[in-house]
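Since the structure comes first, as structure tokens, the remarks are kept for the end.
In the numbering used here, the protein residues as written are 9 to 233.
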């Protein structure tokens, strides 16, 4: 994660097999759960990218630093912005909420593209700093001259969290609550490396899906996740 190469690879080593287990469980019970069941696997890959980034920083290897950082930011700045609402959409039985979640999914895809693609094509806008033993991604976005940074931060949080809160499935609401608590804790304690640390805590929270999907399997078709 944000503290050391060992911590990043340890998290990755736990999350990837947990994700594979969740996906297999979802396939066996209800394929609608596959999108959200993949969260631990995706987080595991993301943490692996940050582990490689730590290796690159330690060895002053620019050939490793740049792709590893872009790999991590692909998840934090693009994929999670549309995969999170899409995961809620895949499980939502109520049509009105499905329409709203679809809107969040599209908004997340477009907003994520605005965040990530400029970093991909103009890598001079990506700067890395080590702050108190953690990685700070000092990124510049194309709309920075026009929009307050706090505003873009709140837009990001809304696209990630609101779909989880408005879902009609209780365990999705719980998942959103846990991620929100992780965000608050990160902001209060690790604001200097918010992206890195929140992604780590959210990755740990995703292990909750093991229990949520097992509950779904146990309750059968009448279960509400």
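Ideal Cβ positions, reconstructed from N, Cα and C, are used throughout, including at glycine.
Small disclaimer: the values here were computed from a predicted structure and weren't measured.
For residue 138, the enclosing beta strand (DSSP E) begins and ends at 134–139. A distance of 8 Å or more separates the beta carbons of residue 66 and residue 17. Taking every protein chain shown into account, the CB of residue 54 has 16 or more other CB atoms within 10 angstroms, so this residue is buried. Our two residues, residue 214 and residue 109, have alpha carbons roughly 20 Å apart in a direct line. Here the alpha carbons of residue 46 and residue 113 stand approximately 17 Å from one another. The segment 130–149 makes contact with the segment 196–210; the number of CB pairs closer than 8 Å reaches 3 or more. In summary, residue 179 is buried, with 16 or more beta-carbon neighbours lying within 10 Å of its beta-carbon over all protein chains present. Per the Cβ contact rule, the segment 87–104 is in contact with the segment 153–169 (3 or more Cβ pairs under 8 Å). Residue 24 is a Cβ neighbour of residue 49, given a cutoff of 8 Å.
The beta carbon of residue 80 sits closer than 7 Å to those of 54, 57, 58, 61, all from its chain and outside the five residues before and after it, given in chain order.
Here residue 32 has no same chain residue with a Cβ atom under 6 Å from its own Cβ, once five neighbours each way along the sequence are excluded.
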